[in-house]
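Participant:
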Amino acid sequence: MYRLSFLSSGTGAITRTVLEAIQQKALPAITPVSIISDRKSASLNLAGEFQITGHMLAYHQYSGHNHFSEAILDIFQKEKIDVILSTFDRILTGKLLKSYKYKMINVHPSLLPAFPGYGGAKKARLYGCRYIGATCHFIEEGTDTGVIINQGIVPVDAKGDVRNLEQKLYRVRQRLVLEALLAFCSNRIRVKNRIVTIDGALYNHPFVNPHLPDIRINRFLSSYEK
């Protein structure tokens, strides 16, 4: 079993998706262990709900990115974490990234390398892009510069409702994260010269590439209403 920790400090929507997917056996090779938040947050409240460990590391109590990252690494090592899903906005550095190279996954709401940083989806929409999307990537020192695992797209209707568009993008983010974790925890990911290949994945899907078909994930997402 792969031991999973979350770096999550916002609403926790994607964190909840993954925890419920694990609970419903859509990701059977994963054991959730902990949630780390840099503040009091809805994300941190999920720890109690799903009976895993919650850690609050208040960022202002640390001397900078390196000190903060070292505190996270200490927790990961004590908890023997294998893989991390991060939705943090904080910059992570140093030994943490070296120790968990190609083991820390982030989902970003844009088609990287376009529109990195905060508010990627809004930036793309306001720029007039005909598609918006999301990207799962491994975390490295740069801001949203890591090796890309998978990407998904949503066509933009300029006359359409923004909330509806955001909901469609959220559904894509859910699928990308679940498929990325499935690929990682079934040892299907290969990285060579910054290019990821996933054993058994499809590369001709119109909206998600690469796409890892799995009946358990499909069944979970079809019934998911969060």
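Quick note on full-length UniProt numbering: the sequence shown kicks off at 1 and runs consecutively.
Even for Gly, the Cβ is constructed at its ideal location relative to N, Cα and C.
Since we're looking at a predicted model, the values are computed, not measured.
With distances taken from CA atoms, which of 80, 59, 74 and 12 is nearest residue 31?
Facilitator: The shortest Cα separation from residue 31 among 80, 59, 74 and 12 belongs to 80.
Participant: Using a threshold of 9 Å, state whether the C-beta atoms of residue 220 and residue 152 are closer than that.
Facilitator: It is not a contact, given that the beta carbons lie outside the stated cut-off.
Participant: Counting C-beta neighbours from all protein chains within 10 Å, is the total for residue 139 16 or more, i.e. buried, or is it exposed?
Facilitator: The residue in question, residue 139, is buried, as its Cβ has 16 or more Cβ neighbours within 10 Å.
Participant: Candidates 218, 148, 134 and 149: which alpha carbon is nearest residue 155's?
Facilitator: Closest option to residue 155, Cα to Cα, is 134.
Participant: Alpha carbon to alpha carbon, how far is residue 205 from residue 16? Give it in angstroms, no decimals.
Facilitator: Going from the Cα of residue 16 to the Cα of residue 205 covers about 26 Å.
Participant: Would you identify the three-state DSSP class for residue 26, choosing helix, strand or coil?
Facilitator: In the structure shown, residue 26 sits in coil (DSSP, three-state: anything other than H, G, I, E or B).
Participant: What is the DSSP secondary structure of residue 100, counted as helix, strand or coil?
Facilitator: The answer is coil: DSSP assigns residue 100 none of H, G, I, E or B.
Participant: Applying the criterion that 16 or more other CB atoms from any shown protein chain within 10 Å of the CB defines a buried residue, is residue 118 buried or exposed?
Facilitator: So residue 118 counts as exposed.
Participant: To the nearest angstrom, how far is it from the Cα of residue 213 to the Cα of residue 6?
Facilitator: Taking the straight line from one Cα to the other gives about 24 Å.
Participant: Based on Cα-Cα distance, which residue from 106, 202 and 98 lies nearest to residue 144?
Facilitator: Out of 106, 202 and 98, 106 has the C-alpha closest to the C-alpha of residue 144.
Participant: Return the first residue and the last residue of the alpha helix (DSSP H) that residue 180 is part of.
Facilitator: First-last of the alpha helix (DSSP H) with residue 180: 162 to 185.
Participant: What residue from 34, 41 and 49 has the CA that sits closest to residue 76's CA?
Facilitator: Checked all of 34, 41 and 49; the closest Cα to residue 76 is 34.
Participant: Assuming residue 29 and residue 1 make a contact with CB atoms under 8 Å, what is their CB distance in whole Å?
Facilitator: Between residue 1 and residue 29 the Cβ distance is about 6 Å, and since that is below 8 Å, they are a contact.
Participant: Among 90, 53 and 181, which has the Cα closest to the Cα of residue 142?
Facilitator: Closest option to residue 142, Cα to Cα, is 90.
Participant: Looking at residue 165: is its Cβ nearer than 9 Å to the Cβ of residue 125?
Facilitator: Result yes, Cβ atoms of residue 165 and residue 125 sit closer than 9 Å.
Participant: If we ignore side chains and look at the alpha-carbon of each, how far apart do residue 137 and residue 100 end up?
Facilitator: Each residue's Cα considered, the two are about 13 Å apart.
Participant: Grouping DSSP H, G and I as helix and E and B as strand, with all else coil, what is residue 63?
Facilitator: Residue 63 falls in the coil class under three-state DSSP.
Participant: Rounded to the nearest angstrom, how far is the Cβ of residue 48 from that of residue 66, given a contact under 8 Å?
Facilitator: Contact flag wrong, Cβ pair sits at about 30 Å.
Participant: Determine which residues share a DSSP beta bridge with residue 131 and list them.
Facilitator: Looking at the DSSP assignment, residue 131 forms a beta bridge with 155.
Participant: What's the call for residue 38, buried or exposed, on a 16-neighbour Cβ count within 10 Å?
Facilitator: Burial call: buried.
Participant: When burial is assigned at 16 or more other CB atoms within 10 Å of the CB, is residue 109 buried or exposed?
Facilitator: Buried, since its Cβ has 16 or more Cβ neighbours within 10 Å.
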